[in-house]
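So the sequence shown is numbered by this note's numbering: it starts at 20 and just counts up by one.
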Amino acid sequence: MSGEYTLQSDASLRTLNTFGIQANAGWLLTVSRAEALPAALADPRIRGLPLMCIGDGSNVLLVDDFPGVVLRQTTIGVGVIQDDRTSVCVRADAAVGWDGFVDWSLAHGFAGLENLALIPGRVGAAPIQNIGAYGTEIDEFITTVEAWERSAERLVRLAREECGFTYRDSRFKHEIDRWIVTALELRLPRQRTPHLDYPGVREELGSRVGDPSLSEVAAAIRRIRRRKLPDPAVIGNAGSFFKNPIVSSGVAGSLIASNPDLPNYAAGPPQYRKLSAAWLIEACGWRGHREGDAGVSSRHALVVVNYGSATGAQLLALARRVAGSVRARFGVELVPEPRIVGAQF
Ligand SMILES: Cc1cc2nc3c(=O)[nH]c(=O)nc-3n(C[C@H](O)[C@H](O)[C@H](O)COP(=O)(O)OP(=O)(O)OC[C@H]3O[C@@H](n4cnc5c(N)ncnc54)[C@H](O)[C@@H]3O)c2cc1C
């Protein structure tokens, strides 16, 4: 045992996932600083075991125990590492809480993160699915992801271009056993025109003369999110359970012809469109559906919820049926957003 890490065997993960599911980790490894990782990972009790990083567990569905090592980091440093007056480069450790980081950046007059207010979780998880909300994705600001490369046993700095960021996706999501993200560096502008075009944002800000401040935008986003999404502290959930499906514009065109209300958006290249997964699920009648303690939120059809003691397997079974009915009715494949631990979707 070193002062820089602790190991607990057969540890409950119930408070470490926002679904509130009971599952155990073979070992819970808590590491203070990135520099302590080599010694911690070489500990003979855990060396070579499968490893999963965890932040706040707000994007995981635990269907089974995790027999290996669940790793938490605890260092929470944040600071400016470069300032050229028009923009700053900031660095935040993986364990820093995301929403607190957003607040810190706005309080210092740095722009960019206001539309990402109130996303649960830690900084280290932000690049994993390239978090996004209200028309902003974090890869717009990331310059460097600092990570421990497990196979090579070294700390590396990955430039944004090396991270494979796309919609709710990144290289890290596909190389899940390879990287332990230890810190992020982001370039944030001091001035930015607020991005208010996402549906509902302007309405929330009300009529006014001139642009709102970035803190006002963040406050409006927080109000909208509190209204629309169930609070995981009250009802277990992991936010959107499915990504919005991206289909060819031909497929989108015929779906829209028969369902003129189906919301659809640009998806990068013009030959693709992004469809609203929430609309597809709601059209299949799932919103507010409940089976025991597993359900689909009555506030938002994209959110699978645990009303109390649902198991991961029950939630997964429900999510599979939701996806199955969307496939049967619309021919569209829904892909889950959270990491599913102990099962395949
Ligand atoms: C109510 C609610 C609303 C949400 N809204 C949004 C939203 O608007 N937009 C959005 O993008 N997401 C949203 N999410 C999902 C979630 O908040 C984000 O994905 C968040 O980044 C997860 O952070 P976390 O620390 O909880 O990660 P965890 O759930 O602990 O982990 C998520 C994944 O990242 C991996 N991981 C975590 N930390 C590290 C690390 N240091 N190194 C390597 N891998 C790591 C884990 O192994 C896992 O695969 C929402 C969730 C909830 C509950």
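Ideal Cβ placement from N, Cα and C applies to all residues, glycine included.
List, from N- to C-terminal side, the alpha helix (DSSP H) runs of 4 residues or more that fit wholly inside the stretch 295-357.
Here the runs fully enclosed are 296-302, 331-349.
Against chain D, does Gly331 count as a neighbour if the rule is that its beta carbon must be under 7 Å from one of theirs?
Within the model displayed, chain D is absent; a lone protein chain is all it includes.
Should Val236 be labelled buried (16 or more other beta-carbon atoms within 10 Å of its own) or exposed?
In the sequence shown, the residue the question calls residue 236 occupies position 217. Buried is the call here.
Along the alpha helix (DSSP H) that carries Leu132, what are the first and last residues, could you check?
The residue labelled residue 132 in the question sits at position 113 within the sequence shown. Premise fails: Leu132 is in no alpha helix (DSSP H) and is neither H nor E.
Sort out for me which residues DSSP pairs Pro208 with in a bridge.
For the purposes of this step, residue 208 is taken as residue 189 along the sequence shown, with counting starting at 1. Its beta-bridge partners are Ser106.
Tell me Cys72's beta-bridge partners as DSSP assigns them.
Within the sequence shown, residue 72 is the residue found at index 53, counting from 1. BP columns for Cys72 point to Leu90.
Between which residues of its own chain and Asp188 is the CB-CB distance below 7 Å, once the five residues before and five after are set aside?
On the sequence shown, position 169 is the one that residue 188 refers to. Cβ within range, chain order: Gln148, Asn149.
Between Ile254 and the rest of its own chain, which residues show a CB-CB distance below 6 Å, the 5 nearest in sequence each way excluded?
Locating residue 254 in the sequence shown gives position 235, where the first residue counts as 1. Val324.
Excluding sequence positions up to five away, which residues of its chain have a Cβ less than 6 Å from the Cβ of Gly96?
As a working mapping, residue 96 is identified with position 77 in the sequence shown. The residues are Asp112.
Taking DSSP as the reference, what is the three-state secondary structure of Thr155?
The count along the sequence shown starts at 1 and reaches residue 155 at position 136. Of the three classes helix, strand and coil, the one that applies to Thr155 here is strand, per DSSP.
Given a threshold of 16 other Cβ atoms within 10 Å of its Cβ, counted over all protein chains shown, does Pro279 qualify as buried or as exposed?
Mapped onto the sequence shown, residue 279 falls at position 260. The residue is exposed, with fewer than 16 neighbouring Cβ atoms inside 10 Å.
If you draw a straight line from the alpha carbon of Arg318 to that of Glu301, how long is it in whole angstroms?
As a working note, residue 318 is residue 299 in the sequence shown. As a working note, residue 301 is residue 282 in the sequence shown. One C-alpha to the other measures close to 11 Å.
Just grab the DSSP bridge partners of Lys293 for me.
Within the sequence shown, numbered from 1, the residue matching residue 293 stands at position 274. Looking at the DSSP assignment, Lys293 forms a beta bridge with Ile265, Tyr284.
Which residue or residues does DSSP assign as beta-bridge partners of Leu99?
Here residue 99 refers to the residue found at position 80 of the sequence shown. Looking at the sequence shown, residue 99 is not Leu but Val. Its beta-bridge partners are Val109.
I'd like to confirm something about Asp243: is its beta-carbon nearer than 6 Å to some heavy atom of ligand 1, or not?
Counting from 1 along the sequence shown, the entry for residue 243 is found at position 224. Correcting the residue type first, residue 243 is Ile in the shown sequence and not Asp. Answer for Ile243: no, Cβ out of range of ligand 1.
Per DSSP, which residues does Trp198 bridge with? Please list them.
To locate residue 198, count along the sequence shown from 1; it is residue 179. DSSP output for Trp198 lists Glu168 as bridge partner(s).
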